[in-house]
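Listed in order, the protein sequences are those of chains G and C. Going by my numbering, the first residue of the first sequence is number 102, and it counts up by one from there. Going by my numbering, the first residue of the second sequence is number 102, and it counts up by one from there. What follows is a single structure, written as structure tokens, with notes after it.
Protein chains: 2
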Amino acid sequence: MKKKVHTECLSALLPVRDTLDIIGGKWRILILISIWEGNRHFREIERSIPKLSTKVLAKELKDMELNKLITRTVVNGFPVRTEYAPTEYSKTLQKLIRELQNWGLKHRQEVFGKVTEIHRRCC
Amino acid sequence: MKKKVHTECLSALLPVRDTLDIIGGKWRILILISIWEGNRHFREIERSIPKLSTKVLAKELKDMELNKLITRTVVNGFPVRTEYAPTEYSKTLQKLIRELQNWGLKHRQEVFGKVTEIHRRCC
DNA sequence: GTAATCAGTAACCTTTAGGTAATCAAGAAA
DNA sequence: TTTCTTGATTACCTAAAGGTTACTGATTAC
Chain G
102 MKKKVHTECL SALLPVRDTL DIIGGKWRIL ILISIWEGNR HFREIERSIP KLSTKVLAKE
162 LKDMELNKLI TRTVVNGFPV RTEYAPTEYS KTLQKLIREL QNWGLKHRQE VFGKVTEIHR
222 RCC
Chain C
102 MKKKVHTECL SALLPVRDTL DIIGGKWRIL ILISIWEGNR HFREIERSIP KLSTKVLAKE
162 LKDMELNKLI TRTVVNGFPV RTEYAPTEYS KTLQKLIREL QNWGLKHRQE VFGKVTEIHR
222 RCC
């Protein structure tokens, strides 16, 4: 007498992986929010996020451009400027991020029994 | 003339990190779904997820228990059995996972212009 | 007697993510 | 002239995540 249990709707989870790959890094959401908030230039973004290194930022910006979350425009001129801007499309992530935040907030309550004061609202 | 741009609502993002730490691993959502689907024993879960190793499964199950997503009950007996079961609380993640899935699905359309057939629905 | 089952654990190795520091060329400010 | 700023790139290193293989002890099936 065998139990028949299946998990072969595994492929349906690929989109979940896709999403997590895009927002899952240590910095990606931070960078996205920085750009949403109005930071447009490389150094500006870099300075807005403490401890973020140029190398990681450069890499993440490339990925985010590929994923159509931001646009990159080189403005020829004096010291050569590059402009990053959020796409309209990127804003479809906002709802998701808010829900990740809400769940995380409730989870602290569930696991620790209370909310740490640091966590409030934003964005 | 300086632009004033702030990103110091950074601490509000900690709950987002919390959530991603819990569902963000390579296997965690897979394991959770396997248990939701009815797999209850260690080997059962292990077999239901191809390529998942015992070491990783053992570690993830511990984490998930700490996070109150599952319960672990040892049933004394013949070859010693352990039962894992999903908590009611774990189900609060289902909505979130579905949204990660939906966004990922739409994202493929946005980036590649079409949906790959593999991706449908589940859970 | 041998093999397989259960739920793991331990030692070790590889891969990936992320961090550090130096460097690039061109112009602008000191 | 020297230094600073721009947007990066490169080489190198560390830490964490994940994978591989072997093994445990008790029991049951062959």
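All C-beta atoms, glycine included, are put in the ideal place defined by N, C-alpha and C.
Based on Cα-Cα distance, which residue from the options lies nearest to residue i?
i, options, result
"GLN195/G", "PRO180/G, PRO151/G, ILE130/G and MET165/G", "ILE130/G"
"MET165/C", "ARG148/C, LYS192/C and HIS208/C", "LYS192/C"
"VAL117/G", "PHE143/C, ARG182/C, SER112/C and ILE134/C", "ILE134/C"
"THR188/G", "ILE198/G, LYS169/G, GLN202/G and LEU206/G", "LYS169/G"
"GLU184/C", "ILE123/C, GLY139/C and LEU115/C", "GLY139/C"
"TYR190/C", "TYR190/G, GLN210/G, ARG173/G and LEU197/G", "GLN210/G"
"ILE132/C", "LEU114/G, ASP122/G and ILE123/G", "LEU114/G"
Buried or exposed for residue i, please, with buried defined as at least 16 other CB atoms from any protein chain shown within 10 angstroms of its CB.
i, result
"LEU167/C", "exposed"
"VAL212/G", "exposed"
"PRO180/C", "exposed"
"ASN177/C", "exposed"
"SER149/G", "buried"
"GLN202/C", "buried"
Measuring CB to CB, does residue i end up less than 8 Å from residue j?
i, j, result
"GLY214/G", "GLU161/G", "no"
"TRP204/G", "THR120/C", "yes"
"VAL157/G", "TRP128/G", "yes"
"ILE171/G", "ALA186/G", "yes"
"GLU147/G", "LEU153/G", "yes"
"HIS208/G", "ARG182/G", "no"
Using the three-state DSSP reduction, which class does residue i fall into: helix, strand or coil?
i, result
"THR183/C", "strand"
"THR188/G", "coil"
"GLY205/G", "helix"
"THR108/G", "For THR108/G, the pLDDT reaches just 39, beneath the cut-off of 50, and the residue's location in the model is therefore unreliable, leaving the point undetermined."
Exercise for review: Starting from the N-terminal side, write out each stretch of the beta strand (DSSP E) that is 3 residues or longer and does not extend beyond the stretch 122-181 of chain C.
Suggested key: 171-176
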